[in-house]
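**Q** Encoded as structure tokens, here's the structure I'll be asking about.
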Amino acid sequence: MAAVDLVLALLVLLMPWIALAAALAPAVFMGAERRWSAVGVALWLVAAALAVGWFLATIVEMDRVDAAGTGGNAFSEVGWLLGAVTTAIASIVLAARRPRSRPPAA
46 MAAVDLVLAL LVLLMPWIAL AAALAPAVFM GAERRWSAVG VALWLVAAAL AVGWFLATIV
106 EMDRVDAAGT GGNAFSEVGW LLGAVTTAIA SIVLAARRPR SRPPAA
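Numbering follows my numbering, with no gaps: position 73 of the sequence shown is 118.
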């Protein structure tokens, strides 16, 4: 049980860094690889928006818990973060794909 608590505590501590990575990693990768595309940029912007949404939803949830005087759950807004990570990964995978080689013009 202590091992599970330790893993969950580490995950809670890493969640802000995961959100930051989801918001920045696609732009860094696309910039380094020089593979910008409209879909890749759109996915990156969605990932950044979801990361900001997670941050704001977490603050609202903490305020609600403080006002009610009840206990909260650090993972109650994790859906926003999972969405941010998923779209960030999709953006990076899209940028990492090699374009299909075209047959030489005859």
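Virtual Cβ for every residue (Gly too), placed ideally from N, Cα, C.
(1) Please state the DSSP three-state secondary structure of residue 109.
(2) CB residue 77 to CB residue 133, shorter than 8 Å?
(3) How many Å lie between residue 61 and residue 49 at the Cα?
(4) Measure how close the beta-carbons of residue 88 and residue 135 come, nearest whole angstrom, since I'm counting them as under 8 Å.
(5) Just how far apart, CA to CA, sit residue 97 and residue 47?
(6) In chain order, what residues of the same chain lie with their CB nearer than 7 Å to the CB of residue 99, ignoring the 5 residues before and after it?
(7) Could you check the C-alpha separation between residue 120 and residue 57 for me, to the nearest Å?
(8) List the endpoints of the continuous alpha helix (DSSP H) containing residue 125.
(9) Terminal residues of the continuous alpha helix (DSSP H) containing residue 75?
(10) Does the Cβ of residue 115 have 16 or more other Cβ atoms within 10 Å, making it buried, or fewer, making it exposed?
**A** In terms of the structure at hand:
(1) helix
(2) no
(3) 20 Å
(4) 5 Å
(5) 32 Å
(6) 64, 122, 125, 126 and 129
(7) 8 Å
(8) 123-141
(9) 47-78
(10) exposed
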